[in-house]
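In my numbering, the protein residues as written are 92 to 465.
Here a beta-carbon is modelled for each residue, glycine too, at the ideal position from N, C-alpha and C.
Treat the numbers as computed from the prediction; the structure is a model and nothing was measured.
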Amino acid sequence: MTDATPAALRSAIIGTGGIAHAHAQAIADLAPRIGLAAVVDIDGDRARAFAERFDVPAVYADVDALLAQGTADLVHICTPPQTHVPLAIAALRAGMPALIEKPTALSLAEMDELVAVSRETGVPALTVYQHRFGAGAQRLMRLVREGLLGRPLVATCETLWHRGPEYFDLPWRGRWHVEGGGPTMGHGIHQFDLLLAVLGPWARLTAFAARQQLPTDTEDVSMALVEFDNGALATVVNSLVSPRETSRLRVDFAHATVEVEHLYGYTDADWTFTPAPGHEHLAERWASDPHEPVSSHRAQLAAIVDALQAGAAPGVDVDDGRRTLEFAAATYASAFRGTPVRAGEIAGDDPFLRSMHGGAVPWAPVKPPMEDPR
(Lines of atoms letter the chains of each structure in order from A and count residues from 1; the text may use other names and numbers.)
(Lines give C-alpha, C1' and ligand atoms only; values in the text may rest on other atoms or scores of the structure.)
Protein backbone atom coordinates (compact mmCIF):
# COMPACT_ATOMS: atom_id res chain seq x y z
CA MET A 1 0.00 0.00 0.00
CA THR A 2 1.42 3.41 -0.96
CA ASP A 3 0.76 6.82 0.53
CA ALA A 4 -1.75 8.99 -1.30
CA THR A 5 -0.30 11.71 -3.51
CA PRO A 6 -0.47 15.07 -1.67
CA ALA A 7 -3.11 17.45 -2.96
CA ALA A 8 -1.85 20.16 -5.29
CA LEU A 9 -1.23 23.51 -3.62
CA ARG A 10 -2.87 26.69 -4.88
CA SER A 11 -0.82 29.86 -5.24
CA ALA A 12 -1.88 33.47 -5.66
CA ILE A 13 0.41 36.27 -6.81
CA ILE A 14 -0.08 39.84 -5.59
CA GLY A 15 1.55 42.28 -8.00
CA THR A 16 2.16 41.32 -11.62
CA GLY A 17 5.29 43.37 -12.38
CA GLY A 18 8.63 42.01 -13.56
CA ILE A 19 9.56 39.73 -10.64
CA ALA A 20 6.09 38.13 -10.64
CA HIS A 21 6.99 36.43 -13.92
CA ALA A 22 9.79 34.51 -12.15
CA HIS A 23 7.28 33.33 -9.55
CA ALA A 24 4.71 32.33 -12.15
CA GLN A 25 7.29 30.41 -14.16
CA ALA A 26 8.48 28.59 -11.04
CA ILE A 27 4.90 27.59 -10.28
CA ALA A 28 4.41 26.38 -13.85
CA ASP A 29 7.63 24.36 -13.68
CA LEU A 30 6.43 22.57 -10.54
CA ALA A 31 2.99 21.60 -11.88
CA PRO A 32 0.98 19.61 -10.97
CA ARG A 33 2.25 19.85 -7.38
CA ILE A 34 1.31 23.52 -7.28
CA GLY A 35 -0.79 25.73 -9.53
CA LEU A 36 -1.41 29.45 -9.95
CA ALA A 37 -5.04 30.00 -8.99
CA ALA A 38 -5.28 33.81 -8.85
CA VAL A 39 -3.49 37.09 -9.41
CA VAL A 40 -4.08 40.54 -7.94
CA ASP A 41 -3.04 43.90 -9.33
CA ILE A 42 -4.50 47.40 -9.18
CA ASP A 43 -3.61 47.71 -12.88
CA GLY A 44 -6.43 45.65 -14.38
CA ASP A 45 -5.03 45.53 -17.90
CA ARG A 46 -1.66 44.31 -16.70
CA ALA A 47 -3.28 41.72 -14.43
CA ARG A 48 -5.44 40.34 -17.23
CA ALA A 49 -2.49 40.15 -19.63
CA PHE A 50 -0.47 38.33 -16.97
CA ALA A 51 -3.35 35.95 -16.27
CA GLU A 52 -3.73 35.19 -19.96
CA ARG A 53 -0.03 34.47 -20.37
CA PHE A 54 0.09 32.06 -17.42
CA ASP A 55 -3.43 30.65 -17.78
CA VAL A 56 -4.66 31.96 -14.42
CA PRO A 57 -8.38 31.41 -13.79
CA ALA A 58 -9.06 34.30 -11.38
CA VAL A 59 -8.07 37.97 -11.50
CA TYR A 60 -8.68 40.42 -8.65
CA ALA A 61 -8.17 44.16 -8.43
CA ASP A 62 -8.38 44.08 -4.64
CA VAL A 63 -6.34 42.04 -2.14
CA ASP A 64 -9.22 41.84 0.32
CA ALA A 65 -11.36 40.14 -2.31
CA LEU A 66 -8.69 37.49 -2.83
CA LEU A 67 -8.23 36.87 0.88
CA ALA A 68 -11.96 36.68 1.47
CA GLN A 69 -12.20 33.88 -1.09
CA GLY A 70 -9.62 31.80 0.80
CA THR A 71 -8.48 30.23 -2.47
CA ALA A 72 -4.72 30.13 -1.85
CA ASP A 73 -2.37 27.90 0.11
CA LEU A 74 0.53 30.29 -0.57
CA VAL A 75 0.45 34.00 -1.38
CA HIS A 76 3.40 35.41 -3.35
CA ILE A 77 3.98 39.10 -2.59
CA CYS A 78 5.64 40.71 -5.60
CA THR A 79 4.76 44.36 -5.04
CA PRO A 80 7.07 47.35 -4.30
CA PRO A 81 8.85 46.96 -0.95
CA GLN A 82 6.79 49.56 0.92
CA THR A 83 3.75 47.27 0.71
CA HIS A 84 5.38 43.96 1.65
CA VAL A 85 4.64 43.82 5.37
CA PRO A 86 1.04 45.15 5.29
CA LEU A 87 0.14 42.65 2.56
CA ALA A 88 1.94 39.79 4.30
CA ILE A 89 0.19 40.51 7.59
CA ALA A 90 -3.19 40.54 5.84
CA ALA A 91 -2.39 37.15 4.28
CA LEU A 92 -1.25 35.65 7.59
CA ARG A 93 -4.38 36.84 9.37
CA ALA A 94 -6.42 35.18 6.61
CA GLY A 95 -4.56 31.94 7.36
CA MET A 96 -2.45 31.97 4.18
CA PRO A 97 1.36 31.59 4.25
CA ALA A 98 3.15 34.47 2.53
CA LEU A 99 6.24 34.26 0.33
CA ILE A 100 7.69 37.77 0.23
CA GLU A 101 10.14 39.22 -2.24
CA LYS A 102 13.18 40.93 -0.73
CA PRO A 103 13.52 43.10 1.18
CA THR A 104 11.01 41.54 3.54
CA ALA A 105 10.46 44.82 5.38
CA LEU A 106 11.71 48.40 5.26
CA SER A 107 12.96 48.38 8.85
CA LEU A 108 13.65 46.07 11.76
CA ALA A 109 10.66 47.51 13.62
CA GLU A 110 8.40 46.64 10.69
CA MET A 111 10.00 43.20 10.50
CA ASP A 112 9.25 42.70 14.18
CA GLU A 113 5.56 43.36 13.46
CA LEU A 114 5.64 40.57 10.90
CA VAL A 115 7.47 38.22 13.28
CA ALA A 116 4.85 38.88 15.96
CA VAL A 117 1.90 38.20 13.64
CA SER A 118 3.49 35.04 12.28
CA ARG A 119 3.96 33.72 15.81
CA GLU A 120 0.49 34.82 16.88
CA THR A 121 -1.25 33.16 13.94
CA GLY A 122 1.09 30.21 13.52
CA VAL A 123 1.17 30.95 9.77
CA PRO A 124 4.58 31.05 8.01
CA ALA A 125 5.98 34.26 6.57
CA LEU A 126 8.83 33.47 4.18
CA THR A 127 11.38 35.54 2.28
CA VAL A 128 12.65 34.86 -1.24
CA TYR A 129 16.37 34.08 -0.83
CA GLN A 130 16.72 31.62 -3.67
CA HIS A 131 20.52 31.44 -3.65
CA ARG A 132 20.34 29.29 -0.52
CA PHE A 133 18.52 26.59 -2.47
CA GLY A 134 20.76 25.98 -5.48
CA ALA A 135 22.58 22.65 -5.58
CA GLY A 136 26.00 24.17 -4.87
CA ALA A 137 24.86 26.13 -1.83
CA GLN A 138 22.98 23.15 -0.45
CA ARG A 139 26.08 20.97 -0.86
CA LEU A 140 28.29 23.60 0.79
CA MET A 141 25.98 24.00 3.77
CA ARG A 142 25.79 20.23 4.18
CA LEU A 143 29.60 19.92 4.25
CA VAL A 144 29.77 22.75 6.78
CA ARG A 145 27.19 21.05 9.02
CA GLU A 146 29.17 17.81 8.83
CA GLY A 147 32.35 19.64 9.84
CA LEU A 148 34.33 18.30 6.88
CA LEU A 149 35.72 21.64 5.71
CA GLY A 150 37.21 22.69 9.03
CA ARG A 151 36.81 26.08 10.63
CA PRO A 152 35.85 28.98 8.33
CA LEU A 153 38.63 31.57 8.31
CA VAL A 154 38.18 34.24 5.62
CA ALA A 155 35.31 35.14 3.29
CA THR A 156 34.65 37.61 0.48
CA CYS A 157 31.12 38.47 -0.60
CA GLU A 158 30.65 40.80 -3.55
CA THR A 159 27.65 42.05 -5.48
CA LEU A 160 29.18 44.31 -8.11
CA TRP A 161 26.41 45.36 -10.47
CA HIS A 162 25.72 48.31 -12.73
CA ARG A 163 22.57 50.39 -13.05
CA GLY A 164 22.25 53.52 -15.15
CA PRO A 165 20.23 56.59 -14.17
CA GLU A 166 17.25 55.39 -16.23
CA TYR A 167 16.87 52.41 -13.89
CA PHE A 168 15.65 54.85 -11.25
CA ASP A 169 12.92 56.38 -13.42
CA LEU A 170 10.43 54.21 -11.52
CA PRO A 171 9.33 56.41 -8.60
CA TRP A 172 9.87 53.74 -5.95
CA ARG A 173 13.49 52.96 -6.80
CA GLY A 174 16.31 54.57 -4.88
CA ARG A 175 13.98 56.08 -2.26
CA TRP A 176 14.35 55.35 1.44
CA HIS A 177 10.65 55.54 2.26
CA VAL A 178 9.60 53.12 -0.52
CA GLU A 179 12.55 50.80 -1.21
CA GLY A 180 14.22 50.92 2.21
CA GLY A 181 17.72 51.42 0.88
CA GLY A 182 20.06 51.01 -2.07
CA PRO A 183 22.09 47.95 -3.14
CA THR A 184 22.50 46.86 0.47
CA MET A 185 18.74 46.26 0.69
CA GLY A 186 17.70 45.54 -2.87
CA HIS A 187 20.61 43.85 -4.64
CA GLY A 188 23.46 42.54 -2.47
CA ILE A 189 21.10 41.20 0.16
CA HIS A 190 20.77 37.91 -1.77
CA GLN A 191 24.50 37.31 -1.74
CA PHE A 192 25.16 38.22 1.88
CA ASP A 193 22.11 36.22 2.93
CA LEU A 194 23.90 33.18 1.48
CA LEU A 195 27.08 34.22 3.31
CA LEU A 196 25.13 34.31 6.60
CA ALA A 197 23.50 30.96 5.83
CA VAL A 198 26.96 29.41 5.39
CA LEU A 199 28.88 31.13 8.21
CA GLY A 200 26.15 31.53 10.81
CA PRO A 201 25.72 34.39 13.29
CA TRP A 202 27.82 37.51 12.91
CA ALA A 203 29.25 39.31 15.96
CA ARG A 204 30.18 42.82 14.83
CA LEU A 205 30.83 44.86 11.72
CA THR A 206 32.31 48.14 10.55
CA ALA A 207 30.93 49.65 7.36
CA PHE A 208 31.04 52.50 4.86
CA ALA A 209 28.35 53.68 2.45
CA ALA A 210 28.37 56.36 -0.23
CA ARG A 211 26.35 57.83 -3.05
CA GLN A 212 29.01 57.86 -5.72
CA GLN A 213 27.14 58.86 -8.88
CA LEU A 214 23.55 57.66 -9.19
CA PRO A 215 20.46 59.93 -8.85
CA THR A 216 19.16 58.31 -5.67
CA ASP A 217 18.36 59.26 -2.11
CA THR A 218 20.01 56.04 -0.99
CA GLU A 219 23.57 54.77 -1.24
CA ASP A 220 24.85 53.23 -4.46
CA VAL A 221 27.83 51.52 -2.74
CA SER A 222 28.35 49.97 0.68
CA MET A 223 31.20 47.98 2.17
CA ALA A 224 31.46 46.10 5.47
CA LEU A 225 34.17 44.26 7.39
CA VAL A 226 32.54 41.56 9.50
CA GLU A 227 33.56 39.29 12.37
CA PHE A 228 31.47 36.16 12.92
CA ASP A 229 30.78 34.30 16.15
CA ASN A 230 32.99 31.45 14.92
CA GLY A 231 35.92 33.85 14.43
CA ALA A 232 35.75 34.07 10.63
CA LEU A 233 36.39 37.46 9.04
CA ALA A 234 34.60 38.64 5.89
CA THR A 235 34.30 41.57 3.56
CA VAL A 236 30.91 42.39 2.02
CA VAL A 237 30.67 44.80 -0.93
CA ASN A 238 27.41 45.95 -2.56
CA SER A 239 27.64 48.21 -5.62
CA LEU A 240 25.50 49.52 -8.46
CA VAL A 241 28.34 51.45 -10.15
CA SER A 242 30.51 48.55 -11.38
CA PRO A 243 30.58 48.19 -15.20
CA ARG A 244 31.97 44.62 -15.13
CA GLU A 245 29.13 42.99 -13.28
CA THR A 246 29.62 39.96 -11.09
CA SER A 247 28.31 38.27 -7.96
CA ARG A 248 30.97 36.42 -6.02
CA LEU A 249 31.17 34.50 -2.77
CA ARG A 250 34.40 32.88 -1.57
CA VAL A 251 34.97 31.17 1.76
CA ASP A 252 38.38 29.91 2.84
CA PHE A 253 38.01 27.08 5.34
CA ALA A 254 40.87 25.35 7.11
CA HIS A 255 40.57 22.40 4.70
CA ALA A 256 39.34 23.97 1.45
CA THR A 257 38.40 27.10 -0.47
CA VAL A 258 34.87 27.13 -1.90
CA GLU A 259 33.80 29.90 -4.24
CA VAL A 260 31.06 30.77 -6.70
CA GLU A 261 31.03 33.53 -9.30
CA HIS A 262 27.96 34.29 -11.37
CA LEU A 263 25.65 37.23 -12.03
CA TYR A 264 21.97 36.66 -11.23
CA GLY A 265 21.98 32.90 -10.70
CA TYR A 266 24.52 30.08 -10.58
CA THR A 267 24.85 26.52 -11.83
CA ASP A 268 27.26 23.92 -10.48
CA ALA A 269 29.66 24.93 -13.24
CA ASP A 270 30.03 28.35 -11.54
CA TRP A 271 31.48 26.81 -8.36
CA THR A 272 35.16 26.09 -7.70
CA PHE A 273 36.37 23.76 -4.96
CA THR A 274 40.05 23.83 -3.95
CA PRO A 275 41.12 21.42 -1.21
CA ALA A 276 44.00 22.35 1.08
CA PRO A 277 47.14 20.17 0.91
CA GLY A 278 46.43 16.88 2.65
CA HIS A 279 42.68 17.17 2.13
CA GLU A 280 42.45 16.27 -1.55
CA HIS A 281 39.89 13.55 -0.74
CA LEU A 282 37.31 16.28 -0.07
CA ALA A 283 37.12 17.02 -3.79
CA GLU A 284 35.27 13.73 -4.24
CA ARG A 285 32.65 14.84 -1.70
CA TRP A 286 32.18 18.05 -3.65
CA ALA A 287 32.10 16.60 -7.17
CA SER A 288 28.71 16.34 -8.85
CA ASP A 289 26.95 16.73 -12.16
CA PRO A 290 27.86 20.23 -13.46
CA HIS A 291 24.60 20.56 -15.38
CA GLU A 292 22.34 21.46 -12.48
CA PRO A 293 19.73 24.10 -13.39
CA VAL A 294 20.46 27.69 -12.47
CA SER A 295 19.68 28.76 -8.91
CA SER A 296 16.25 30.34 -9.10
CA HIS A 297 12.85 30.84 -7.53
CA ARG A 298 11.99 27.32 -8.66
CA ALA A 299 14.45 25.66 -6.27
CA GLN A 300 13.20 27.56 -3.24
CA LEU A 301 9.57 27.11 -4.20
CA ALA A 302 10.12 23.36 -4.61
CA ALA A 303 11.52 23.21 -1.07
CA ILE A 304 8.53 25.21 0.22
CA VAL A 305 6.07 22.87 -1.50
CA ASP A 306 7.89 19.86 -0.01
CA ALA A 307 7.65 21.36 3.46
CA LEU A 308 4.02 22.48 3.24
CA GLN A 309 2.86 19.13 1.90
CA ALA A 310 4.80 17.31 4.64
CA GLY A 311 3.52 19.62 7.39
CA ALA A 312 7.07 20.83 8.06
CA ALA A 313 8.42 24.35 8.53
CA PRO A 314 9.47 25.88 5.17
CA GLY A 315 12.34 28.33 4.74
CA VAL A 316 13.40 31.09 4.77
CA ASP A 317 11.29 31.87 7.86
CA VAL A 318 10.82 35.18 9.67
CA ASP A 319 13.62 34.59 12.17
CA ASP A 320 16.14 33.87 9.44
CA GLY A 321 14.77 36.79 7.43
CA ARG A 322 15.18 39.12 10.38
CA ARG A 323 18.81 38.12 10.88
CA THR A 324 19.60 39.05 7.28
CA LEU A 325 17.70 42.33 7.58
CA GLU A 326 19.56 43.14 10.81
CA PHE A 327 22.83 42.78 8.90
CA ALA A 328 21.62 45.40 6.43
CA ALA A 329 20.51 47.73 9.23
CA ALA A 330 23.85 47.35 10.99
CA THR A 331 25.68 48.17 7.75
CA TYR A 332 23.81 51.47 7.49
CA ALA A 333 24.11 52.25 11.21
CA SER A 334 27.88 51.69 11.20
CA ALA A 335 28.39 53.61 7.96
CA PHE A 336 26.35 56.65 8.98
CA ARG A 337 27.54 56.77 12.60
CA GLY A 338 31.15 55.94 11.85
CA THR A 339 31.32 53.30 14.59
CA PRO A 340 31.28 49.50 14.77
CA VAL A 341 27.93 47.80 15.42
CA ARG A 342 27.43 44.56 17.32
CA ALA A 343 24.70 42.04 16.60
CA GLY A 344 21.61 42.77 18.69
CA GLU A 345 22.74 46.35 19.38
CA ILE A 346 20.02 48.00 17.28
CA ALA A 347 17.13 47.90 19.73
CA GLY A 348 14.89 50.00 21.98
CA ASP A 349 14.71 53.60 20.79
CA ASP A 350 17.59 53.31 18.33
CA PRO A 351 16.53 55.25 15.20
CA PHE A 352 18.03 52.54 12.99
CA LEU A 353 15.39 50.17 14.35
CA ARG A 354 12.67 52.30 12.74
CA SER A 355 14.41 53.01 9.43
CA MET A 356 17.47 51.90 7.56
CA HIS A 357 18.70 55.49 7.20
CA GLY A 358 18.31 56.29 10.91
CA GLY A 359 17.78 59.95 10.04
CA ALA A 360 21.55 60.22 9.57
CA VAL A 361 22.24 60.13 5.81
CA PRO A 362 25.31 62.36 5.41
CA TRP A 363 24.50 63.50 1.85
CA ALA A 364 20.81 64.26 2.46
CA PRO A 365 20.03 68.02 2.26
CA VAL A 366 17.02 67.37 4.51
CA LYS A 367 16.77 64.49 6.93
CA PRO A 368 14.35 61.86 5.57
CA PRO A 369 11.30 61.09 7.69
CA MET A 370 11.83 58.45 10.35
CA GLU A 371 8.61 56.60 9.64
CA ASP A 372 7.10 55.70 6.31
CA PRO A 373 3.88 57.57 5.50
CA ARG A 374 0.90 55.20 5.24
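So the alpha helix (DSSP H) residue i belongs to, where does it begin and stop?
i      : result
Ala181 : 175-184
His268 : 267-270
Val409 : 409-428
Ser386 : That residue, Ser386, is in no alpha helix (DSSP H); it is neither H nor E in DSSP.
Ser209 : 199-212
Thr275 : 274-277
Arg223 : Premise fails: Arg223 is in no alpha helix (DSSP H) and is neither H nor E.
Trp377 : 373-377
Arg137 : 135-144
Ala111 : 109-120
Measure the beta-carbon distance from residue i to residue j and round it to whole angstroms, keeping in mind my assumption that it falls under 8 Å.
i      : j      : result
Leu239 : Leu373 : 6 Å
Leu158 : Ala189 : Contact flag wrong, Cβ pair sits at about 11 Å.
Leu399 : Cys248 : Going by Cβ atoms, the distance from Leu399 to Cys248 rounds to 30 Å, so no, they are not a contact pair.
Ala323 : Leu290 : 6 Å
Thr275 : Thr422 : 5 Å
Arg242 : Asn321 : 7 Å
By the 10 Å Cβ neighbour count, where 16 or more other Cβ atoms means buried, how is residue i classified, buried or exposed?
i      : result
Pro253 : In the sequence under discussion, the amino acid at residue 253 is His, which differs from the Pro named in the question. Classification of His253: exposed, given that the 10 Å Cβ count is below 16.
Thr363 : exposed
Leu183 : buried
Glu257 : exposed
Val327 : buried
Ile133 : exposed
Thr250 : buried
Pro464 : Here the model assigns Pro464 a pLDDT of 41, short of 50, so the residue's position is not dependable and the matter cannot be decided.
Arg413 : buried
Glu192 : buried
Gly369 : exposed
Gln44  : Given that the chain is displayed from residue 92 to residue 465, the structure contains no residue 44 and the question cannot be resolved.
Leu205 : buried
Ser102 : buried
Nearest to residue i by alpha carbon, out of the options?
i      : options                        : result
Arg295 : Ala434, Ser338, Val235         : Ala434
Phe427 : Glu270, Arg302, Phe344         : Arg302
Asp410 : Asp120, Ala196, Val154, Ala152 : Ala196
Val154 : Ile168, Arg144, Phe141         : Ile168
Arg223 : Pro123, Arg389, Leu199, Arg210 : Arg389
Thr162 : Ala99, Ala207, Thr358          : Ala99
Thr415 : Leu165, Gln282, Arg376, His346 : Gln282
Pro334 : Leu354, Gly227, Ala156, Pro442 : Leu354
Gly213 : Val245, Phe418, Ile180, His175 : Ile180
Would you give the residue range spanned by the beta strand (DSSP E) that residue i belongs to?
i      : result
Pro171 : From DSSP, Pro171 is part of no beta strand (DSSP E); its letter is neither H nor E.
Pro366 : 362-366
Leu316 : 312-319
Leu287 : First-last for Leu287: 280-290, but that is the alpha helix (DSSP H), not the beta strand (DSSP E).
According to DSSP, residue i sits in a beta bridge with which residue or residues?
i      : result
Val150 : Val130
Asp343 : Val245, Thr348
Arg433 : Arg295
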